[in-house]
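Protein sequences, first through last, are from chains S and C. Quick note: the first sequence uses my numbering, first residue 1, plus one each step. Quick note: the second sequence uses my numbering, first residue 226, plus one each step. The block underneath contains the structure these notes are about, expressed in structure tokens.
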Amino acid sequence: MTALLYRVRNLVKDYGTGELRTQVLKSVNLDIGEGEFIAMSGPSGSGKSTLLTILGTLLSPTSGELEMLGQNLLSLDETGLSKFRSAHIGFVFQFHHLLPDFSAEENVAFPAAAMSRFGSKPIRERAAALLDRVGLAHRRTFRPSELSGGQKQRVAIARSLMNQPELILADEPTGNLDRASASQVLDLMREINRTERTTFVISTHDAHVASYCDRTITVVDGAVS
Amino acid sequence: MPFVAVVAWRYVTSNWTQSALLIAGVAIGVIVFVFMTALIAGLATFLTKQTTGNIAHVSLEPLERTSRALPGADGATQLVARVAAIEKRAQILDWPVYLRIAEAAPGVVGVSPQINSSAFLIKGQAVATVAVNGVVPDRLNAITDIGGNILQGEANLDLNGLLIGVKLASTLGLGVGQPVTMRSDRGGERSLTVRGIFKSGIGSLDERVAFVNIQAARRLADLPQGVTQIEIKLADVNTASAVAQTLARATGLKATSWIERNAQLFVALHSQAQTGMLIQIFSLITIVIGVSSALLLTTYRRRAEIAIMRSMGVTKRFIVTAFLMQGLFIGALGSLAGAALGYWLCVFLATVASRPDGSGFPIAPEQGGYLAVILLTIAGSVLAAVLPARAAAGIDPVAVLNQ
Ligand SMILES: Nc1ncnc2c1ncn2[C@@H]1O[C@H](COP(=O)(O)OP(=O)(O)OP(=O)(O)O)[C@@H](O)[C@H]1O
Ligand SMILES: [Mg+2]
């Protein structure tokens, strides 16, 4: 077993209050090792997106323990969480990809530039290198509206890598893509996982995606198996 | 440039039509502000000039022999009234000395010793009460430009010479060269000849004032040595109070500035300035509301982007700063454009809308309050961005990303 990256214990997430209160996650226990490539499946509405946003510190759980890289995430305040997220976690979403007013390269550079306060030359160079890596060096100056769905998703992956995070959370990253583009995106993530040992958790409805992964976890009845 | 400024600038420039409209709105508010400020300042200058153009700025007069309160035997005060009628007229006896002191004072451009009294001007059956101004002939124009406004005849003040305004001339049916009798309130009487008829444009002057030679006035007023006042004109009317104080100290005479005599002008100017300020405040409020509502709309339009940024670990502070900076850029662009256009408008009005007599539209383009309006507008726009910035930072990324 590799070193432990993420540890989740007795995670509970309720939505709403009073009569409308629904418990989406009842008791989630999960260990994620460094360098794992995990598929997360489960029926629609089972709580995959909810779990991913909690893992990504965008959403706070009702109760439970969350520990990443030895850091108790529930002890951090808003700003502390932002900083932690910026340094250690990357996101790739199904629909919401890129910032429309920025070029592909600027989108990739954004997470680092926002942290460093000045968009410096090394940041631009790294962004260019990442774009090259996802096969879009020739689209550096293109705006998102000038890119195809698959290209946008590859830019989003390049962006999620910008701050060299340990964990990338992808919520149905191929849900919107045709088979060929989906394979391209999955190949890319798998390759990054192999060369950089970046950990991936990818939610999906698609058995095809699961076939790329080392391990598949399933969210059912508010728990993970 | 800090990256957050790059982001803010990109947001302002990415949708130019929208930003240009917003900036134009700000600029219009600024133009209104500049126009009002320049107009109020121009009007103040114009009214002050009109008021001070033909009057003495400082008048030196003998100290009034006022009623004096004397301590009574039992500690009460007794009033000793003066009986004006039987006293000699108050006069300045050593006037040649004071004349030199006044002429030497800084900023003094004209000095005129005068013997002023009131008299009746009698022409056959017609009688008019006039204010007699006895002046030294070559100082006739020191305070009011009578010589330059002669309609008929000439500005000749020999010992029997008389200069009157057009209205007085028509009241009495007088023409140049005609004789007329002047009877002083001190009983003196003299036959004078109308040498010139002037039109100053100032009603009271054209209707009631008669200029005579100071020697003639001396006899009429029964003042063998002194003068009743020394009138002084200044280069800068705003220094009148200070000059009056200096001269009062130097001469021991009573020195009155035009400012004391024209209190109603300052009341008018004050209320004018207040009206202007009200309009200025409203134009600033309009700017703030406009910027605020426009930016609030963009926060809604950009909520998906804001959610993406937050998922990248961009802090709330970054988002707040980015929106405040949008306010800053819009305020800066709008105020600079507005100030430039406002200046241009004021200059245009000052030159093009000039009246036939040469006096322009009373506006002072150089007094548009440019620095103030630019700073206030920028500050106001940043302030206007506070609400949108907080709304943007408050967007819940999860709610947006799950849509
Ligand atoms: N903000 C919310 N308020 C109330 N209920 C919510 C909220 N967000 C999600 N839910 C509910 O939580 C449950 C889990 O939603 P979630 O989006 O995590 O499911 P999912 O597994 O990602 O589904 P899908 O496969 O369709 O994306 C759903 O029943 C949903 O209705
Ligand atoms: Mg989902």
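Note that beta-carbon positions come from the ideal geometry of N, C-alpha and C, so glycine has one too.
By DSSP's criteria, residue 283 of chain C is part of a beta bridge. Which residues make up the other side? Residue 283 of chain C pairs with C:457 and C:482.
Are residue 442 of chain C and residue 340 of chain C closer than 8 Å when you measure CB to CB? For residue 442 of chain C and residue 340 of chain C, yes; Cβs fall inside 8 Å.
Please confirm whether residue 594 of chain C has its beta-carbon closer than 8 Å to some beta-carbon of chain S. It does not; no Cβ of chain S falls within 8 Å.
Any chance you could list the residues with Cβ under 5 Å from a heavy atom of ligand 1, keeping chain order? In chain order, the hits are S:15, S:24, S:44, S:45, S:46, S:47, S:48, S:49 and S:50.
Which residue wins for smallest C-alpha separation from residue 368 of chain C, given the options C:432, C:471, C:269 and C:425? Minimum Cα distance to residue 368 of chain C is reached at C:425.
Can you confirm whether the stretch 214-223 of chain S touches the stretch 83-90 of chain S when touching is taken to mean that 3 or more C-beta pairs between the two stretches lie within less than 8 Å? Fewer than three beta-carbon pairs drawn from the stretch 83-90 of chain S and the stretch 214-223 of chain S are found closer than 8 Å, and the two stretches are therefore not classed as touching.
For residue 56 of chain S, go through chain C and note every residue whose CB falls closer than 9 Å to its CB, in chain order. Going along chain C in sequence order, the residues near residue 56 of chain S (Cβ under 9 Å) are 536.
From residue 70 of chain S to residue 5 of chain S, what does the alpha carbon distance come to, in whole angstroms? Between residue 70 of chain S and residue 5 of chain S, the C-alpha separation is close to 8 Å.
Taking three-plus beta-carbon pairs below 8 Å as touching, is the stretch 156-167 of chain S in contact with the stretch 106-114 of chain S? They touch, by the three-pair rule.
To the nearest angstrom, how far is the alpha carbon of residue 641 of chain C from that of residue 476 of chain C? One cannot answer for residue 641 of chain C here, as it falls past the ends of chain C, which runs 226 to 628.
For chain S, is any of its Cβ atoms less than 8 Å away from the one on residue 234 of chain C? Closer than 8 Å: no.
Does residue 626 of chain C come within less than 8 Å of chain S when only Cβ atoms are used? It does; some Cβ of chain S falls within 8 Å.
Could you give the residue range of the alpha helix (DSSP H) that holds residue 187 of chain S? It spans 179-196 - the alpha helix (DSSP H) in which residue 187 of chain S sits, taken as one unbroken run.
Nearest-angstrom Cα separation, counted from residue 364 of chain C out to residue 337 of chain C: Taking the straight line joining both Cα atoms gives about 6 Å.
Which of the three DSSP states, helix, strand or coil, is assigned to residue 62 of chain S? Three-state DSSP puts residue 62 of chain S in coil, outside helix and strand.
Top-ranked residue by Cα proximity to residue 440 of chain C, from C:568, C:449 and C:433: Of the listed residues, the one whose Cα sits closest to residue 440 of chain C is C:449.
Considering residue 548 of chain C, what are the terminal residues of the alpha helix (DSSP H) in which it resides? Unbroken alpha helix (DSSP H) run through residue 548 of chain C: 541-577.
Residues of chain C with a CB under 8 Å from the CB of residue 262 of chain S: which are they? Within the shown structure, residues of chain S are numbered from 1 to 225, placing residue 262 of chain S beyond reach of any answer.
Residues of the stretch 100-116 of chain S whose Cβ lies closer than 8 Å to any Cβ of chain C, in chain order: Those residues of the stretch 100-116 of chain S placed with their C-beta closer than 8 Å to a C-beta in chain C are 100, 101, 102, 110, 111, 113, 114, 115 and 116, ordered along the chain.
Would you call the stretch 240-251 of chain C and the stretch 550-562 of chain C touching, i.e. three or more CB-CB distances under 8 Å? Counting C-beta pairs with one atom in each stretch, the stretch 240-251 of chain C and the stretch 550-562 of chain C have three or more that are closer than 8 Å, which means they touch.
Determine, for residue 548 of chain C, whether the minimum Cβ-Cβ distance to residues of chain B falls below 8 Å. Absent from the structure: chain B. Protein chains present are S and C.
Does DSSP put residue 31 of chain S in a helix, a strand or coil? DSSP places residue 31 of chain S in strand when its eight states are reduced to three.
Output the residue ranges of the alpha helix (DSSP H) runs that lie fully inside the stretch 389-449 of chain C and measure 4 residues or longer, sorted by chain position. List check, alpha helix (DSSP H) in window: 391-397, 428-433 and 439-446.
Proximity test, residue 621 of chain C beta-carbon vs ligand 2 heavy atom, cut-off 7 Å: No, since every heavy atom of ligand 2 falls outside the 7 Å radius drawn around the Cβ of residue 621 of chain C.
Closest by CA to residue 567 of chain C, which one among C:243, C:375 and C:596? Nearest C-alpha to residue 567 of chain C: C:596.
According to DSSP, simplified to helix, strand and coil, what is residue 593 of chain C? Note: residue 593 of chain C maps to coil in three-state DSSP.
Hey, does residue 146 of chain S have any beta-carbon neighbour from chain C nearer than 8 Å? Under the Cβ distance rule, residue 146 of chain S does not count among the residues neighbouring chain C, no pair being separated by less than 8 Å.
Quick one: Cα of residue 258 of chain C to Cα of residue 47 of chain S, how far? Looking at the two C-alpha atoms, the distance is approximately 57 Å.
Quick one: measure Cβ to Cβ for residue 632 of chain C and residue 419 of chain C, integer angstroms, because I've assumed they're closer than 8 Å. Outside the shown range of chain C, which is 226 to 628, sits residue 632 of chain C, and nothing can be said about it.
According to DSSP, is residue 167 of chain S helix, strand or coil? When DSSP states are grouped into helix, strand and coil, residue 167 of chain S belongs to the strand group.
If you follow the beta strand (DSSP E) that residue 111 of chain S is part of, which residue opens it and which one closes it? Where residue 111 of chain S is concerned, there is no enclosing beta strand (DSSP E), although the alpha helix (DSSP H) it sits in stretches over 104-116.
How would you call residue 488 of chain C, buried or exposed, if buried means at least 16 neighbouring beta carbons within 10 angstroms? Using a 10 angstroms sphere on the CB of residue 488 of chain C, the tally of other CB atoms stays under 16, which defines it as exposed.
Could you compute how far the alpha carbon of residue 525 of chain C sits from the alpha carbon of residue 617 of chain C? Rounded to the nearest angstrom, the two C-alpha atoms are 8 Å apart.
Any non-hydrogen atom of ligand 2 closer than 7 Å to residue 187 of chain S Cβ: Outside the cutoff, so no.
So with Cβ pairs under 8 Å, would you call residue 197 of chain S a contact of chain C? Interface criterion not met: the Cβ of residue 197 of chain S is under 8 Å from no Cβ in chain C.
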